[in-house]
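Residue numbers (the numbering used here), protein chains in the order written: chain A, 2 to 375; chain B, 186 to 221; chain C, 469 to 564.
From the three backbone atoms N, C-alpha and C, an ideal C-beta is built for every residue, glycine too.
Read the structure below first, then the notes.
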Amino acid sequence: MALESPSLTDRFKLGLEAPICLTWELTYACNLACVHCLSSSGRRDPRELSTSEAKALIDEMAELKIFYVNIGGGEPMIRSDFFEIIDHCVDRGVGVKFSTNGTRLDAEKAERLAKSDYVDVQISLDGADAVTNDAVRGEGSYDAAIQAMENLVAANFGQFKISVVMTRHNIPQLDAFEALADHYGAQLRLTRLRPSGRGADTWDELHPTAGQQRELYDWLITRTNVLTGDSFFHLSAFGDALDGLNLCGAGRVVCLIDPVGDVYACPFVIHDEFLAGNVRDPGAFTSVWRDSDLFRSLREPSSAGACASCGSYDACQGGCMAAKFFTGIPLDGPDPECVYGHGETAMAKVAVELRPGPSVDHSARVPVRLGVSS
Amino acid sequence: MDQVTASTEETVEENSDVVEDLLVEEVSIDGMCGVY
Amino acid sequence: MPASSPDVVTDFDLDQAWRKHPQVALREEAFGALAYHYGNRRLIFLKSPELVVVVRDLENYPSARAALDALIPVDAHGSYERALARLVESEVICGA
Chain A
2 MALESPSLTD RFKLGLEAPI CLTWELTYAC NLACVHCLSS SGRRDPRELS
52 TSEAKALIDE MAELKIFYVN IGGGEPMIRS DFFEIIDHCV DRGVGVKFST
102 NGTRLDAEKA ERLAKSDYVD VQISLDGADA VTNDAVRGEG SYDAAIQAME
152 NLVAANFGQF KISVVMTRHN IPQLDAFEAL ADHYGAQLRL TRLRPSGRGA
202 DTWDELHPTA GQQRELYDWL ITRTNVLTGD SFFHLSAFGD ALDGLNLCGA
252 GRVVCLIDPV GDVYACPFVI HDEFLAGNVR DPGAFTSVWR DSDLFRSLRE
302 PSSAGACASC GSYDACQGGC MAAKFFTGIP LDGPDPECVY GHGETAMAKV
352 AVELRPGPSV DHSARVPVRL GVSS
Chain B
186 MDQVTASTEE TVEENSDVVE DLLVEEVSID GMCGVY
Chain C
469 MPASSPDVVT DFDLDQAWRK HPQVALREEA FGALAYHYGN RRLIFLKSPE
519 LVVVVRDLEN YPSARAALDA LIPVDAHGSY ERALARLVES EVICGA
């Protein structure tokens, strides 16, 4: 007997009762000033959610049966209530995966993290050596990240992740990243650079070349143990699909809650155009997720638009909404890094100065010097 | 003759994949276009 | 989409007692449920409401066979047996 069954992808496109992957940026404060920061972080926003507001939000996540939350920032460990927040998540049955630059992950914190079965850690690193990494993340940041890894190993934390944003300068280091991850028993995660946040200013020089995209795809397709956060599904047009969902989950499967409680479709579209509501509004997060105009419209079936005649549309789904938005390409147009070059053609039609600018910018006003980690 | 047999076996395998996928599917949950 | 190749299903013991794994949380959706295993971090999609009922109620039956007999039309038993085998592999269900 045949059961009627749309694919998982089709079902996810129509939305879910609660996100599967919720990203929660705890603070815009950061002690680094990475040139490509998707959240333009640096300065704390005075309207940040308080500790009790954060706990109430966690209680709501537990009621929604959100299985785990991805915590980041800015640098989340800068918040003085960081452990209070993650302990509350674990107490309420919400798993925690958090991302850090490692500067605050000293031996004592590593021991504390090692005690929990439900807290996963990801260390950000954008170069396999200090020269490459620090060019993007700042002087001393490579050493701080490595030290954090050493601390996790010494504390018997177990497996953690190393997360890399792929750029023109580190694609030649794929094997070196793999070796580094193997050395620490860590899982490697490679993610896509989007022209979001401060990334908008540096994307043209930093994003991989067309040839490098092919190189990355060829490397990834043979590495089933390397994670990608589903960020390279536009490369599936090259051939076999990469592991993962291969669709844009913004507003459908994922969303972002920012430090002041604003809810965006995803972490790469911190912009008024993709602002769905605020957790401080009546109905809190639940009604934003289920009833906001923005998310309802993202859950409508969409057309292939300009990509309708392309045989690869089923594989690439038109690519990344954030990448299109910030390069000025219409959302039903090709991804700026379309493997066939259609994105370059589309970008050429939009003057660079007409690309959308950020609505929100918490960048530090003076350059940050990392110095000795505290 | 061999070709016909081979393609029949393949069809049977594909059908059971399809049937299994109708009820249970594993979801890749690495970030799903999140950062973390 | 590439999926891990399904294990051969002949190993699933219909006559054994099974139950939902204690570390698995179920969240119902319109078309079934999401099952998340807090231990191995795997997320599994149960694509029919009937399968969700089976997973929840499994521990109340002396065997998987008895559960299917009570809950699922006979002509679907083959599909559900294969589904249960996959759920063993992903640790959504375990021996009771």
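Are the beta-carbon atoms of Leu-552/C and His-545/C separated by less than 8 angstroms? No, the Cβ-Cβ distance between Leu-552/C and His-545/C is not below 8 angstroms.
What do you get for Pro-268/A, buried or exposed, if any count of 16 or more other CB atoms within 10 angstroms of its CB means buried? Within 10 angstroms of the beta-carbon of Pro-268/A lie 16 or more other beta-carbons, which makes it buried.
Please report the straight-line C-alpha distance between Ala-57/A and Phe-296/A, rounded to a whole angstrom. If you take the alpha carbons of Ala-57/A and Phe-296/A, they lie about 23 angstroms apart.
Mark Ala-19/A as exposed unless 16 or more other C-beta atoms lie within 10 angstroms of its C-beta, in which case mark it buried. It is buried - the Cβ of Ala-19/A has at least 16 other Cβ atoms within 10 Å.
Can you give the Cα-Cα distance for Ala-211/A and Ile-330/A, rounded to whole angstroms? 18 angstroms
What is the rounded straight-line gap between the Cα of Ser-51/A and the Cα of Gly-342/A? 46 angstroms
Can you tell me the Cα-Cα spacing of Ala-390/A and Asp-483/C, whole angstroms? Coverage of chain A is limited to positions 2 through 375, which leaves residue 390/A absent and any answer about it impossible.
For the stretch 514-526 of chain C, which residues have a CB atom closer than 8 angstroms to at least one CB atom of chain B, in sequence order? Within the stretch 514-526 of chain C, those residues whose Cβ lies closer than 8 angstroms to any Cβ of chain B are, in chain order, Leu-514, Lys-515, Ser-516 and Leu-519.
Just mark Lys-350/A as buried or exposed, buried being the case when its beta carbon has 16 or more other beta carbons within 10 Å. exposed
Strictly below 8 angstroms CB to CB, what residues from chain A border Val-212/B? Leu-9, Ile-21 and Leu-246
Using a beta-carbon distance below 8 angstroms, is Leu-482/C in contact with chain B? Taking 8 angstroms as the threshold, the shortest C-beta distance from Leu-482/C to chain B does not fall below it.
So, does the CB of Tyr-314/A fall closer than 8 angstroms to a CB anywhere in chain C? No, Tyr-314/A lies away from the interface with chain C (no Cβ there is under 8 angstroms from its Cβ).
What residues of chain C sit near Phe-68/A, judged by a beta carbon separation below 8 angstroms? Ala-493, Arg-495, Leu-502, Tyr-504, Tyr-506 and Leu-511
Quick check on the DSSP output: what are the complete beta strand (DSSP E) runs of length 3 or more inside the stretch 278-360 of chain A, in order along the chain? Listed in chain order, nothing qualifies, since the stretch 278-360 of chain A has no complete beta strand (DSSP E) run of 3 or more residues.
Given that Tyr-529/C touches chain B, what residues does it touch there, using C-beta distances under 8 angstroms? Correct list: empty, because the minimum Cβ distance to chain B is about 18 angstroms.
With the cut-off set at 8 angstroms, would you say Asp-336/A and Cys-317/A are in Cβ contact? yes
Ranges of the beta strand (DSSP E) found wholly within the stretch 150-187 of chain A, counting only runs of at least 3: 162-167
Three-way DSSP call (helix, strand, coil) for Gln-213/A in this model: helix
Count the other CB atoms, across all protein chains shown, that sit within 10 Å of the CB of Pro-490/C; report buried if there are 16 or more and exposed otherwise. Around the C-beta of Pro-490/C, fewer than 16 other C-beta atoms lie within 10 Å, and the residue is accordingly described as exposed.
Own chain partners of Val-492/C with C-beta closer than 6 angstroms, once the 5 adjacent residues on each side are dropped: Ala-503, His-505 and Val-560
Residues in its own chain within less than 7 angstroms of Leu-514/C by CB, not counting five upstream and five downstream? Same-chain partners within the cutoff: Gly-500, Ala-501, Ala-503, Val-520 and Val-523.
Take Thr-287/A as the anchor and find which of Ile-124/A, Thr-225/A and Gly-262/A has the nearest alpha-carbon. For the residues Ile-124/A, Thr-225/A and Gly-262/A, the minimum Cα distance to Thr-287/A belongs to Gly-262/A.
Uninterrupted alpha helix (DSSP H) stretches inside the stretch 13-72 of chain A (no shorter than 4 residues): 52-64
What residues in its chain sit with their C-beta under 7 angstroms from that of Val-154/A, if we drop five residues either side in the sequence? Within the same chain, Val-154/A has close Cβ partners Tyr-185.
Within the chosen definition, does the stretch 93-105 of chain A reach the stretch 59-75 of chain A through at least 3 CB pairs nearer than 8 angstroms? yes
Could you say which of Met-348/A, Tyr-29/A and Ala-182/A lies nearest to Glu-151/A if we only look at CA atoms? The candidate whose alpha carbon is nearest that of Glu-151/A is Ala-182/A.
Tell me whether Val-165/A is buried or exposed, calling it buried when 16 or more other Cβ atoms sit within 10 Å of its Cβ. That one is buried.
Can you tell me the Cα-Cα spacing of Leu-143/A and Thr-223/A, whole angstroms? Going by the sequence as given, residue 143/A is Tyr instead of Leu. So the two alpha carbons sit approximately 28 angstroms from each other.
DSSP bridge partner residues for Arg-193/A (one or two, in chain order): Met-167/A
Is there contact here, the stretch 84-94 of chain A with the stretch 280-294 of chain A, by at least three beta-carbon pairs under 8 angstroms? no
Quick one: Cα of Ala-55/A to Cα of Arg-533/C, how far? The C-alpha of Arg-533/C is placed about 46 angstroms away from the C-alpha of Ala-55/A.
For Leu-17/A, return the contacting residues in chain C, with the cut-off set at a CB-CB distance below 7 angstroms. Glu-497
I need the straight-line Cα distance from Arg-550/C to Val-36/A, nearest angstrom please. 50 angstroms
Cα-Cα separation, Ala-352/A to Thr-203/A: 16 angstroms
Quick check on the DSSP output: the alpha helix (DSSP H) that includes Cys-90/A runs from which residue to which? 83-92
Is it buried or exposed for Asn-508/C, if we count other Cβ within 10 angstroms and need 16 for buried? exposed
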